[in-house]
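Shown next, in structure tokens, is the structure this report addresses.
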Amino acid sequence: MMTGDHVAVPGVTLVLGGARSGKSRFAEGLVTALPGPWTYIATAQAWDDEMRDRIRQHQADRVPGWSTVEAPLDLAAALVRHGQGPVLVDCLTLWLTNIMLADQDVPTALAGLEAALAARAGPIVLVGNEVGMGIVPENALARRFRDHAGRLHQRLAVLAAQVFLTVAGLPLKVK
Amino acid sequence: MMTGDHVAVPGVTLVLGGARSGKSRFAEGLVTALPGPWTYIATAQAWDDEMRDRIRQHQADRVPGWSTVEAPLDLAAALVRHGQGPVLVDCLTLWLTNIMLADQDVPTALAGLEAALAARAGPIVLVGNEVGMGIVPENALARRFRDHAGRLHQRLAVLAAQVFLTVAGLPLKVK
Amino acid sequence: MMTGDHVAVPGVTLVLGGARSGKSRFAEGLVTALPGPWTYIATAQAWDDEMRDRIRQHQADRVPGWSTVEAPLDLAAALVRHGQGPVLVDCLTLWLTNIMLADQDVPTALAGLEAALAARAGPIVLVGNEVGMGIVPENALARRFRDHAGRLHQRLAVLAAQVFLTVAGLPLKVK
């Protein structure tokens with residue numbers, strides 16, 4: 001475990017929240033408060049119509065001035081390529097899902113992400129879903145996902161200078 | 176979307192919380208701290224014994240001095256009819272469930288609720304369940320419900336002067 | 351209901367959090383900040399390999415200097431036996447699960463736990479899972495569990511001098 005090996009990076013902000021809690025909108029506001037151009041790193045893979053609709057809706061909600069980069073799996077490389085200007089990563093949860101569905105090793109992917117974050121100069125806002133406050137899922141894969149997501153958030157919270165939990169569109173400052 | 180079109184209404188308070196988090200009790204305390212008479216707007220429909228037991232338990236837990244109004248669907252009309260004194264709406268989650276089960280259009284119902292809230296003079300406390308912090312439900316209807324609930328809470332949080340999240344019976348002030 | 355009959359006990363701290371939210375680690379830090387020796391009261395029963403792995407991982411994560419006591423059911427008696435030094439109870443959620451699986455009466459068990467807490471002299475940190483912020487479970491036993499867990503947390507929060515909600519390894523102070 002690398003937890004504790006890192007100190008907080010001034011430019012890293014972690015925004016967690018439940019489904020439809022306004023976390024993406026809040027995170028976008030944090031980025032657009034900085035001088036542009038802004039890079040939106042999308043981790044979504046449109047594998048069905050419901051997901052395609054969600055992606056389209058998210059894009060329609062965003063103001064102009066963004067360039068969009070798709071990084072469903074190699075998020076670390078995308079962060080290195082876009083190392084200077086303000087970046088929004090939306091979202092960690094889909095990235096983790098993609099890593100797991102691709103049968104990649106989660107701790108290795110996480111270590112790569114941490115290294116890329118520590119090496120970046122520009123400010124970055126990472127969005128993730130809080131998924132651990134319900135009843136234990138009956139599905140073993142869902143339990144494993146929940147464990148990985150929780151560990152991912154804990155590790156990134158160590159790196160982050162600021163952490164927020166959004167509730168009904170409003171931020172609770174956790175760090 | 177009407178989000179942002181409204182300014183905060185001084186008399187509107189939103190209380191969110193998980194199951195058995197003490198949100199109703201906390202909300203009742205906010206209302207009974209005001210001079211009565213108090214109106215309890217119940218949105219519950221007793222469609223099975225479990226629900227009937229919950230309603231009876233909630234009523235037994237309440238102190239005397241309340242008049243109860245049932246509004247499983249037309250919450251906006253009930254708010255207009257009881258526009259002056261302190262009102263408790265318990266809860267938004269059951270109201271949304273009823274709207275969806277009755278195949279009514281959720282955005283239309285929400286717009287009606289927002290208009291009724293903006294037009295009221297008296298103080299009001301709205302209670303809702305936080306349902307978005309678990310694993311994505313496998314059931315498509317549950318996912319749609321979760322999306323609607325999240326948007327409902329975000330929209331009402333814009334209108335509200337105060338927003339709380341209850342945890343173990345204790346309020347976290349979010350706004 | 352005994353809620354309200356108790357005043358806050360200076361030495362009782364309640365740490366709630368979602369799955370993999372860092373609640374155990376945070377709670378252990380609260381205990382080890384006090385002079386030892388420290389007693390770890392484990393409520394886990396290893397009924398399958400997944401659980402055995404979790405227990406082993408938790409033990410490996412802990413620093414030396416702890417003595418471990420197992421109390422899957424009679425938590426109150428364990429608290430009385432270890433009434434002086436700093437104690438960590440990890441966790442309430444498994445204890446409640448064990449009580450329900452053993453068909454014991456939950457309110458009776460809870461009253462016993464409250465009495466044991468009120469009678470103790472030494473500091474104690476109780477860890478519990480927040481399980482109520484997801485969609486209503488389809489499973490009736492899960493709904494009953496969720497109700498019992500919420501009531502348990504509310505009752506212990508009345509007794510506690512401090513209550514925290516951990517998010518991504520970071521504590522939100524609720525009381």
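First to last, the protein sequences are chains V, W and Y. Last residue of the first sequence: 175 in our numbering, with the numbers rising by one and none dropped. Last residue of the second sequence: 350 in our numbering, with the numbers rising by one and none dropped. Last residue of the third sequence: 525 in our numbering, with the numbers rising by one and none dropped. Cβ atoms here follow ideal geometry from the backbone N, Cα and C, with glycine treated the same way. Treat the numbers as computed from the prediction; the structure is a model and nothing was measured.
Item: Determine the burial state of PRO346(W): buried for a count of at least 16 other Cβ atoms within 10 Å of its Cβ, exposed for fewer.; Value: buried
Item: Do ALA377(Y) and VAL365(Y) have their beta-carbon atoms positioned less than 8 angstroms apart in this structure?; Value: yes
Item: Quick one: Cα of GLY303(W) to Cα of GLY379(Y), how far?; Value: 34 angstroms
Item: Looking at chain W, is there any beta carbon in it that lies within less than 8 angstroms of the beta carbon of LEU96(V)?; Value: no
Item: Can you name the residues that DSSP bridges to GLU420(Y)?; Value: ALA392(Y)
Item: Establish whether the CB of LEU340(W) and some CB of chain V are separated by less than 8 angstroms.; Value: yes
Item: Closest to THR389(Y) by C-alpha separation, out of GLY472(Y), ASP424(Y) and VAL508(Y), would be which residue?; Value: GLY472(Y)
Item: Can you give me the Cβ contacts of ASP5(V) inside the same chain, cut-off strictly under 7 angstroms, excluding the 5 residues immediately before and after it?; Value: In this prediction, ASP5(V) scores a pLDDT of 49, lower than 50, which makes its location untrustworthy; the coordinate-derived value is nonetheless stated afterwards. Counting only Cβ-Cβ distances below 7 angstroms, and skipping sequence neighbours, we find nothing.
Item: Cβ of ALA426(Y) within 8 angstroms of Cβ of LEU463(Y)?; Value: yes
Item: Please list, in chain order, the chain Y residues whose beta carbon lies closer than 8 angstroms to that of LEU345(W).; Value: ALA507, VAL513, VAL524 and LYS525
Item: Nearest-angstrom Cα distance between GLY17(V) and THR393(Y)?; Value: 30 angstroms
Item: If I'm right that LEU467(Y) touches LEU509(Y) with Cβ under 8 angstroms, what's the distance once you round it to whole angstroms?; Value: 6 angstroms
Item: Determine whether the beta carbon atoms of PRO338(W) and ALA324(W) lie at a separation below 8 angstroms.; Value: Note on identity: in this sequence residue 338(W) is Val, with Pro being the wrong assignment. No. Outside cutoff.
Item: Is the Cβ-Cβ distance between GLN220(W) and PRO247(W) less than 8 angstroms?; Value: yes
Item: Consult DSSP for GLY478(Y) and reduce its assignment to one of helix, strand or coil.; Value: strand
Item: Roughly how many whole angstroms lie between the Cα atoms of THR178(W) and ASN314(W)?; Value: Reliability fails at THR178(W), whose pLDDT of 40 lies under 50, so the model's placement of it is uncertain and no value is given.
Item: If I follow the unbroken alpha helix (DSSP H) through GLN504(Y), where does it start and stop?; Value: 490-509
Item: Whole angstroms is fine: what's the gap from GLY85(V)'s alpha carbon to VAL524(Y)'s?; Value: 37 angstroms
Item: For my contact list, LEU442(Y) and LEU476(Y) are in at a C-beta cut-off of 8 angstroms; report their separation, rounded to the angstrom.; Value: 6 angstroms
Item: Name the residue from SER24(V), PRO37(V), ASP147(V) and ARG52(V) whose alpha carbon lies nearest to the alpha carbon of PRO64(V).; Value: PRO37(V)
Item: Since PRO234(V) is in the beta strand (DSSP E), which residue starts that stretch and which ends it?; Value: Here chain V has residues from 1 to 175 only, and residue 234(V) is not among them.
Item: How long is the line joining the alpha carbons of VAL69(V) and ASP90(V), rounded to whole angstroms?; Value: 11 angstroms
Item: What does DSSP give as the partner residues of VAL255(W) in its beta bridges?; Value: Its beta-bridge partners do not exist; DSSP assigns none.
Item: Given a cut-off of 8 angstroms on the beta-carbon distance, is the pair ARG151(V) and ARG505(Y) in contact?; Value: no
Item: The alpha helix (DSSP H) with ASP373(W) in it runs from where to where?; Value: Any question about residue 373(W) goes unanswered here, given that chain W covers just 176 to 350.
Item: Can you tell me the Cβ-Cβ gap for ALA383(Y) and ALA157(V), rounded? I've got them flagged as a contact below 8 angstroms.; Value: At roughly 20 angstroms, the Cβ-Cβ gap does not stay under 8 angstroms, so ALA383(Y) and ALA157(V) are not in contact.
Item: Quick check on the DSSP output: the alpha helix (DSSP H) that includes LEU30(V) runs from which residue to which?; Value: 23-32
Item: For ASP48(V), which three-state DSSP category applies?; Value: coil
Item: If contacts are defined as beta-carbon pairs under 8 angstroms, then VAL206(W) and LEU263(W) qualify, I think. What distance do you get, rounded to the angstrom?; Value: 5 angstroms
Item: Based on DSSP bridge pairs, tell me the residues matched to GLY367(Y).; Value: ASN479(Y) and THR516(Y)
Item: Taking C-beta pairs closer than 8 angstroms, name the residues in chain V that GLN329(W) reaches, listed in chain order.; Value: ARG20, SER21, GLY22, ALA168 and GLY169
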